[in-house]
Amino acid sequence: MIHVESLSVAYDEKEILEDVSLDMRACEITGIIGPNGSGKTTLLRAITRIVKPKAGKIFVDNLDVETLSNLCLAKKIAVVSQYAINAFDMNVEDYILLGRIPHRRSLQFIDSASDHNVAKNALFLVGMLDFGNRMLSSLSAGERQLVLIARAITQQTKVLLMDEPTSHLDIFHQIKILEIIKKLNIEKKLTFVIVMHDLNLASQFCKRLILLNDKKVRIQGTPEEIIKKDIIEEVYKIKVFNEKFPHTKKPFILPVSD
Amino acid sequence: MNKKTSKWIFWFTVVFLISLVSVVFAFVIGSVNFGLKELGDLINNRLDPVISSIFFDIRLPRVVLGFAVGGALAISGVFLQGIFRNPLVEPYSLGISGGAALGICLAIISGLTLKIGMVILPFTGFVGAISTVIAVYAINFRKQSLRLNGVLLSGVMISFIASSLVMLLMAIAGSDSITGIIFWIMGSLDQSNIGLIIIMCVISFAGLIVGLFYAQRLNAFSLGEEEAMHLGINTERLKKVMFITASILTGCSVSVCGIIGFVGLVVPHFMRIFVGHDHRILIVTSFFAGAAFLVACDIISRTIISPLELPVGVITGILGGGLFIYALSKKDTILLGE
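Just so you know, the protein sequences line up as chains D and Y, in that order.
Counting the first sequence from 1 gives a position; the working numbering is that position plus 62.
Counting the second sequence from 1 gives a position; the working numbering is that position plus 4.
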């Protein structure tokens, strides 16, 4: 689905990603993990062309993103950003309807009935149907995150990129959000690329993981191949305790202080 | 029809009717009051030539100009608040008024007005306004991208420099020039050049059309520059178009009528309270509300100390500022977002 070929990105002179090649497969949940500053968010920003790569190519659906128009890309990829704060307060339904903008015909001025249906359905999928008339400012962090995901669903793309969708949330909302993602992945065959810090959640919910370290891809593969004592200790430079979840046999780790 | 559409139609109708009422009052009230009798005479084409002249040669151009300028200032406020994502930005934040004032001052003091006539003032004002905008734009255009924070800061700084230079010029100018400068700086709809009024109307309505065309993109932009890009918006083009449109609207208004303050800040704020932040309805209601506000302020400015006339900028400042403080005390959460 998304194919990255020897990508290098630099902000001014500082290299963030160096000769990175990787694959994110269609209809899978791919987790991007790695220490702070390893270039995870930059990778997402390069895919959506917010930053221009210094070298390398990115293909979405076998199309070079450089050649796509903004609108065309917005119909393929939706993004749930980390710090999405709106300048002006508005109600949840209007906010979600913004996700329909890429699909508007050039002179369509008001939201059509189908726009409303898509928005309603998105709210239903995240279990927020009753929140349509609430103001954004009145929502809790968890509810806000669900609304953000609903807006991305409203964009009706095959691929959703998410930058730390569960950070700063309680464990209830962490699991709730990841279960919604999993359900969308299975039922709607949507492709997810999720930047995550919580290695154990990544292990449980992602089909494949990409571990970034020091501007490069350290390793990509299944959770079993990556959430290993030696790899994690080397990359994060701490001691960890490694075990398997009893019911799923997926690996988990606990950081330990020496 | 859903709830939102009917709400939009309701507010549009209300604001449109208010603007009509203020236009009617502006025709009727003044040094000579019109009643039903004159209205009947007007329809039957039997109007006294003196009254007819007051009606068509004095009041009509003034009302039309007030309508066009009020609308133009209000929507340029909306455009700039939209791209800066800051409800406290107003058209004059970019230094446009300072630049125009400097242009006018130079024209008055250098004696250009005596040589060529008062007609030169709008042109020097426009040159001053547009030069400031070009300077602000050039300073902040780096790597094919317009840095918005820099635009605001340098606009404010250029405003300071320009107003200091205006002070300097006033300090060395004769008293005749000073009266002219002060009257112009405070703003007035007393413009006898019909050509300029027509140009102003055309530009004002063109600005409204451009605004409506870009309204949904401005909505997306309120999520932030990157989020707007994720929604497929060409943000650089949006910023450019909005910046240039707002500059031309404000530059023309200031050149024709002087510095009429507060319309561009207060009117969008009030409309935000009533219709919300969706630019599709905010732009069009702000246009008509701005028009109504300026026409109404002009009625006050020419009747309150009649037969003398106050500069309309004084009225918009006092009335607008007062209303603004009142609204802040009532609705701070809505005004300032979060």
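For every residue, glycine included, the Cβ atom is placed at its ideal position computed from N, Cα and C.
If you're wondering where the values come from, they're calculated on a predicted model, not measured in any experiment.
{"query": "Members of the segment 177-191 of chain D near chain Y, C-beta cut-off 9 Å", "result": "H178"}
{"query": "Candidates D/A88, D/I237, D/V154, D/K102: closest to D/D123 by CA position", "result": "D/A88"}
{"query": "Cβ-based contacts, 9 Å cut-off: residues of the segment 130-150 of chain D near chain Y", "result": "S131, N132, L133, C134, L135, A136, K137, I139, A140, V141, S143, Y145, A146, I147, N148, A149, F150"}
{"query": "Cβ of D/F171 within 8 Å of any chain Y Cβ", "result": "yes"}
{"query": "Where D/L160 falls: helix, strand or coil (DSSP)", "result": "helix"}
{"query": "Neighbouring residues, chain D, relative to Y/H273 (Cβ below 8 Å)", "result": "Near Y/H273 there are no residues of chain D at all, since even the closest Cβ is about 12 Å away, more than 8 Å."}
{"query": "Short CB-CB distance (under 8 Å) between D/Y73 and chain Y", "result": "no"}
{"query": "Chain D contact residues for Y/L235, given Cβ-Cβ distances below 8 Å", "result": "A136, L160, G161, I163, P164, Q217"}
{"query": "Pairwise C-alpha distance: D/I95 and D/K76", "result": "21 Å"}
{"query": "Whole alpha helix (DSSP H) elements within the segment 215-301 of chain D, 4-residue minimum", "result": "233-249, 261-267, 285-288, 291-298"}
{"query": "Own chain, CB closer than 7 Å to Y/I112, minus 5 neighbours either side, in chain order", "result": "S181, G184, I185"}
{"query": "Option nearest Y/Y330 by Cα separation, candidates Y/L116, Y/N144, Y/Q85, Y/V270", "result": "Y/V270"}
{"query": "7 Å Cβ shell around D/T310 - same chain, five flanking residues per side excluded", "result": "Q266"}
{"query": "The segment 280-299 of chain Y touching the segment 215-230 of chain Y, judged by at least three CB pairs closer than 8 Å", "result": "yes"}
{"query": "Sequence-distant residues of the same chain with beta carbon closer than 8 Å to Y/L227, five excluded per side", "result": "L235"}
{"query": "Spatial neighbours of Y/F60 in its chain, beta-carbon cut-off 6 Å, leaving aside the 5 residues before and after", "result": "none"}
{"query": "Check whether Y/S57 and Y/G268 have beta carbons under 8 Å apart", "result": "no"}
{"query": "Within-8 Å CB hit, D/I256 to chain Y", "result": "no"}
{"query": "Burial state of Y/L332, where buried means 16 or more other Cβ atoms lie within 10 Å", "result": "exposed"}
{"query": "Y/A224 at chain D interface by Cβ criterion, 8 Å", "result": "yes"}
{"query": "Per DSSP, the bridge partner or partners of D/P313", "result": "D/K306"}
{"query": "Distance between Y/F88 and Y/R151 (C-alpha atoms, nearest Å)", "result": "10 Å"}
{"query": "Three-way DSSP call (helix, strand, coil) for Y/L340 in this model", "result": "Any reading at Y/L340 must be qualified, since the residue scores a pLDDT of 45, below 50, and its modelled position is unreliable; no value is offered."}
{"query": "Counterpart residues of Y/H281 in DSSP-defined beta bridges", "result": "BP columns for Y/H281 are empty, so no partner."}
{"query": "N-terminal and C-terminal residue of the alpha helix (DSSP H) that Y/H234 is part of", "result": "229-234"}
{"query": "Contacts of Y/E94 in chain D (Cβ-Cβ under 8 Å)", "result": "Result: empty, since nearest Cβ-Cβ is about 16 Å, beyond 8 Å."}
{"query": "Cβ neighbours of D/S143 in the same chain (closer than 7 Å, five flanking residues each side left out)", "result": "D225"}
{"query": "One or two residues paired with D/K119 in a DSSP bridge", "result": "D/E67"}
{"query": "D/L79, enclosing beta strand (DSSP E) - first and last residue", "result": "76-86"}
{"query": "Supposed contact pair Y/L98 and Y/V140 - C-beta distance, whole angstroms, cut 8 Å", "result": "6 Å"}
{"query": "Neighbour flag for Y/G280 against chain D, beta carbons, 8 Å", "result": "yes"}
{"query": "Cβ contact (3+ pairs, closer than 8 Å) linking the segment 166-173 of chain Y and the segment 100-108 of chain Y", "result": "yes"}
{"query": "Nearest to D/H178 (by Cα), restricted to the options D/L223, D/R213, D/V221", "result": "D/R213"}
{"query": "Inside the segment 296-334 of chain Y only - alpha helix (DSSP H) runs reaching at least 4 residues", "result": "none"}
{"query": "D/Y145 in three-state terms, based on DSSP", "result": "coil"}
{"query": "Contact set between the segment 108-126 of chain D and chain Y, restricted to residues whose Cβ is under 7 Å from the partner", "result": "T110, I112"}
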